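Residue numbers (the numbering used here), protein chains in the order written: chain A, 17 to 213; chain B, 17 to 213.
Okay, structure first, notes after.
There are 2 protein chains.
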Amino acid sequence: MQQSLTREEKRKIKLDVILRNAAKAFMERGYYKTSLDDIARMQNVTKPTLYYYIKNKEDILVKCEEQTCGRINAMLDDVMAEKLSGFDMLHLFIKEYIKIITDDVARCHVRHRGQMEDDVLKAKSIENHKDIEFRVREIIRLGIKDHSVRDCNSTILAILLFDSLNGITSWYHSDGKVSENELIDEVLALVGVGVKG
Amino acid sequence: MQQSLTREEKRKIKLDVILRNAAKAFMERGYYKTSLDDIARMQNVTKPTLYYYIKNKEDILVKCEEQTCGRINAMLDDVMAEKLSGFDMLHLFIKEYIKIITDDVARCHVRHRGQMEDDVLKAKSIENHKDIEFRVREIIRLGIKDHSVRDCNSTILAILLFDSLNGITSWYHSDGKVSENELIDEVLALVGVGVKG
DNA sequence: AATTTATGTTACTATTCAGTAACAATATAA
DNA sequence: TTATATTGTTACTGAATAGTAACATAAATT
């Protein structure tokens, strides 16, 4: 008998629901103020059931990170494949990055990255972000080389840029006053030409 | 017999040491992974002694906040008293803000603001930051009026700026590769003229 | 249909830790 | 010197909660 979804597909969907609900709760109440019982209740299951999908509480953060970093890196692959000036690449990256991080799982990752209790996982998380930051620094350096970007400290610029972009996760909601396009335009204008009148 | 320090002065100093040590621990290990026993041990006292200086664990965050917001608002008073263009005021604000938040107590506040469990304290903390953000928006609006700042959405700009500046607390250390002056210059250049080549 | 594998439950353990009660010592003031 | 306020300690309670063992059921495979 043919099922609409295989076991593995169902499993993947259930894990995804867990991640999404957990991420939302972590963002609203905080990681330590959200118990696994709370998360289980959202799924209408009991706590031990969660352990069929995750190794432990921290593993939720790890899985949110894997999902989000995967998306960001794929996006960076696309951006860097285009034949653009460094500045235009940076422009495109910012636009796509804002689209990606407007999502509970991504927001959860951004807020909790590098905060794992397990030292190995923590180191891996920091490494994951360093890799992404390095790729953006590379874009900036390309821009400096082709003179589309002003000569500056690419390391500091990349960090300042990421802090602004990641900060968006804690205030921007797609149903609020500011539209996604208006937000993207303001960020691009600030990065592009600054604020001088 | 005349003492070098009055009781009240000694008390204030001890509270300050508690805040400083707690703030440092919270930044290194995180709020929930740092117990009051840990903090007490740093002072070479026992946990109940802390309760002579603080109401409860959360009160440490509140006191770090009061101290830091007090400094920031005093600084804003000074900045706004100067006869400067909006852009130059913003410039000065950024410079002074970076100097203030390079300090464990301020870093602790920036990282934990708005995360209190007590609803009243949480609301107050959010309000405190809103007030400061409002004052910076006012500076931006002044700049737009006198044409020293490009016409833009002052709300979004203020938030993006604060995220960049507050982000500094989690990566910048005065003993690292980047000097405070270099950091300030890069931020001012980014905000001032952007990154276009 | 029988067997196995995946998915779920109830009931429990073990640990951590904020906060407190009761008591002790020390410094200041009368 | 004696009385009082301040600062500290030891020893405990109570609550929360991550993770597990043992058991139950449903679904797929043979």
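No residue lacks a Cβ here, since even glycine has one placed at the ideal position from N, Cα and C.
These numbers were taken from a predicted model, which means no experiment stands behind them.
Worksheet item: Rounded to whole angstroms, how far is the Cβ of C85/B from the Cβ of I148/B, which I believe are closer than 8 angstroms?
Response: Taking the first residue of the second sequence as 1, we reach residue 85/B at position 69. Taking the first residue of the second sequence as 1, we reach residue 148/B at position 132. Rounded, the Cβ-Cβ distance is 7 angstroms, consistent with contact.
Worksheet item: Can you find a CB in chain A that lies within less than 7 angstroms of the CB of Y113/B?
Response: As a working note, residue 113/B is residue 97 in the second sequence. No, no contact with chain A.
Worksheet entry | Inter-stretch contact (C-beta, 8 angstroms, three-pair minimum) for the stretch 190-197 of chain B and the stretch 36-56 of chain B | no
Worksheet item: Per DSSP, K212/A forms a beta bridge with which residues?
Response: Residue numbering aside, residue 212/A sits at position 196 when the first sequence is read from its first letter. Beta-bridge pairing links K212/A to V165/B.
Worksheet item: Quick one: any contact between the stretch 111-129 of chain B and the stretch 173-191 of chain B, if contact means 3 or more CB pairs under 8 angstroms?
Response: yes
Worksheet entry | With 16 other Cβ atoms within 10 Å as the buried cut-off, status of D179/A | On the first sequence, residue 179/A is found 163 positions in, with the first residue counted as 1. The residue is buried, with at least 16 neighbouring Cβ atoms inside 10 Å.
Practice prompt. Taking 8 angstroms as the threshold, find out whether the stretch 90-108 of chain B comes into contact with the stretch 153-162 of chain B through three or more Cβ pairs.
Written response: yes
Fill in: Neighbouring residues, chain B, relative to I172/A (Cβ below 7 angstroms)
Locating residue 172/A in the first sequence gives position 156, counting from the first residue. Neighbours of I172/A on chain B, chain order: V194, L199 and E202.
Discussion item. Strictly under 7 angstroms for the Cβ-Cβ distance: is N89/A near chain B by that measure?
Written reply: As a first step, residue 89/A must be located in the first sequence, where it is residue number 73. Cβ-Cβ to chain B under 7 angstroms: no for N89/A.
Practice prompt. Determine the burial state of V95/A: buried for a count of at least 16 other Cβ atoms within 10 Å of its Cβ, exposed for fewer.
Written response: Counted from its first residue, the first sequence places residue 95/A at position 79. Counting Cβ neighbours within 10 Å, V95/A comes out buried, since at least 16 surround it.
Worksheet entry | Contact with chain B by Q19/A, beta-carbon distance below 7 angstroms | Position 3 of the first sequence holds residue 19/A. Low per-residue confidence applies at Q19/A: pLDDT is 46, beneath 50, and the placement is therefore not dependable, though the value from the model is reported in the following sentence. Q19/A does not count as touching chain B.
Discussion item. Whole angstroms are fine: how far does the CA of L204/A sit from the CA of E170/B?
Written reply: Numbered from its first residue, the second sequence carries residue 170/B at position 154. Numbered from its first residue, the first sequence carries residue 204/A at position 188. The sequence given here has Ser at residue 170/B, not Glu. Approximately 15 angstroms, taken between the alpha carbons.
Practice prompt. Determine the chain B residues that contact L206/A at a beta-carbon separation under 9 angstroms, and present them in chain order.
Written response: Against the first sequence, residue 206/A aligns to sequence position 190. Those are C168, I172, L173, L176, L177, L206, V207 and G210, listed as they occur along chain B.
Worksheet entry | C-beta atoms of R166/A and V211/B nearer than 7 angstroms | As a position in the first sequence, residue 166/A is number 150, starting the count at 1. As a position in the second sequence, residue 211/B is number 195, starting the count at 1. Cβ distance < 7 angstroms, so R166/A and V211/B count as in contact.
Worksheet item: CB-CB under 7 angstroms to M17/B, same chain, minus the five flanking residues each way: which ones, in chain order?
Response: On the second sequence, residue 17/B is found 1 positions in, with the first residue counted as 1. Confidence at M17/B is low in this model, with a pLDDT of 32, below 50, so the placement of that residue should be treated as unreliable; the coordinate-derived value is given next. Closer than 7 angstroms at the Cβ level, and outside the excluded window around M17/B, lies no residue.
Fill in: DSSP three-state assignment for Q19/B, whether helix, strand or coil
What you label residue 19/B is simply residue 3 of the second sequence in a count that begins at 1. Reliability of the predicted coordinates at Q19/B is poor, the pLDDT of 47 falling under 50, and the value obtained from them is presented with this limitation in mind. Here Q19/B sits in coil by DSSP.
Worksheet item: According to the Cβ coordinates, are Q83/B and V121/B closer than 7 angstroms?
Response: For the purposes of this step, residue 83/B is taken as the residue at position 67 of the second sequence. For the purposes of this step, residue 121/B is taken as the residue at position 105 of the second sequence. A contact, by the Cβ cut-off of 7 angstroms.
Practice prompt. Mark N72/A as exposed unless 16 or more other C-beta atoms lie within 10 angstroms of its C-beta, in which case mark it buried.
Written response: Stepping through the first sequence from its first residue, residue 72/A is reached at position 56. N72/A should be labelled exposed.
Fill in: Proximal chain B residues relative to Q131/A, where beta-carbon distance stays under 7 angstroms
For this step, residue 131/A is matched to residue 115 along the first sequence. Neighbours of Q131/A on chain B, chain order: G46.
Worksheet item: How far does the alpha helix (DSSP H) with S170/B in it reach, from first residue to last?
Response: Reading the second sequence from its first residue, position 154 is the one you call residue 170/B. Residues S170 to G183.
Worksheet item: Hey, is K141/A's beta-carbon within less than 7 angstroms of any beta-carbon in chain B?
Response: In the first sequence, the residue the question calls residue 141/A occupies position 125. Note that residue 141/A is Ser in the sequence shown here, rather than Lys. Taking Cβ atoms only, chain B never reaches closer than 7 angstroms to S141/A, which makes this a no.
Fill in: Beta carbon proximity, H163/A to chain B, threshold 7 angstroms
Walking along the first sequence from the start, residue 163/A turns up at place 147. True, the Cβ-Cβ gap to chain B drops below 7 angstroms.
Practice prompt. Could you have a look at M105/B and say whether DSSP puts it in helix, strand or coil?
Written response: Counted from its first residue, the second sequence places residue 105/B at position 89. M105/B: helix per DSSP, three-state reduction.
Item to complete: With a 10 Å radius around its C-beta and 16 neighbouring C-beta atoms as the bar for buried, classify T22/B as buried or exposed.
Response: The residue you call residue 22/B lines up with position 6 of the second sequence. It is exposed - the Cβ of T22/B has fewer than 16 other Cβ atoms within 10 Å.
Item to complete: Leaving aside the five residues before and after I142/B along the sequence, list all residues of the same chain whose C-beta is less than 7 angstroms from its C-beta, in chain order.
Response: Here residue 142/B refers to the residue found at position 126 of the second sequence. Here the set comprises G130.
Worksheet item: Could you give the distance in angstroms between the alpha-carbon of N37/B and the alpha-carbon of K28/A?
Response: The residue labelled residue 37/B in the question sits at position 21 within the second sequence. The residue labelled residue 28/A in the question sits at position 12 within the first sequence. Their backbone Cα atoms lie some 45 angstroms apart in a straight line.
Fill in: Separation of G213/A from I160/B, as counted between CA atoms
In the second sequence, counting from the first residue as 1, residue 160/B sits at position 144. In the first sequence, counting from the first residue as 1, residue 213/A sits at position 197. About 7 angstroms.
Worksheet item: From L77/A to Y188/B, what does the alpha carbon distance come to, in whole angstroms?
Response: Position 61 of the first sequence, counted from the first residue, corresponds to residue 77/A. Position 172 of the second sequence, counted from the first residue, corresponds to residue 188/B. Straight-line Cα distance between these residues: approximately 25 angstroms.
Item to complete: Could you tell me how far apart the beta carbons of I34/A and I70/A are, in whole angstroms, since I believe they sit closer than 8 angstroms?
Response: In the first sequence, counting from the first residue as 1, residue 34/A sits at position 18. In the first sequence, counting from the first residue as 1, residue 70/A sits at position 54. That belief holds up - the Cβ atoms of I34/A and I70/A are roughly 7 angstroms apart, short of 8 angstroms.
Discussion item. Taking the alpha carbon of I88/B as the reference point, which residue from E133/B, M58/B and K146/B has its own alpha carbon closest?
Written reply: As a first step, residue 88/B must be located in the second sequence, where it is residue number 72. Answer by Cα proximity: K146/B.
Fill in: Residue from N60/A, K140/A, T118/A and A174/A whose Cα sits closest to the Cα of G192/A
The residue you call residue 192/A lines up with position 176 of the first sequence. Taking only the C-alpha atoms, the option nearest G192/A is T118/A.
Worksheet entry | Sequence-distant residues of its chain with Cβ nearer than 7 angstroms to K63/B (five each side left out) | Indexing the second sequence from 1 puts residue 63/B at position 47. Cβ within range, chain order: L52, D53 and A56.
Item to complete: Counting only the same chain and skipping the five closest in sequence on each side, list residues whose C-beta sits under 8 angstroms from that of E133/A.
Response: The residue labelled residue 133/A in the question sits at position 117 within the first sequence. The residues are E74.
Worksheet item: Less than 7 angstroms separating the beta-carbons of I172/B and E202/A?
Response: Position 156 of the second sequence, counted from the start, is the residue given in the question as residue 172/B. Position 186 of the first sequence, counted from the start, is the residue given in the question as residue 202/A. Closer than 7 angstroms, so yes.
Worksheet item: Could one say the Cβ of G86/A lies closer than 7 angstroms to chain B's Cβ atoms, at least one of them?
Response: Your numbering for residue 86/A matches position 70 in the first sequence. Chain B contact via Cβ: absent.
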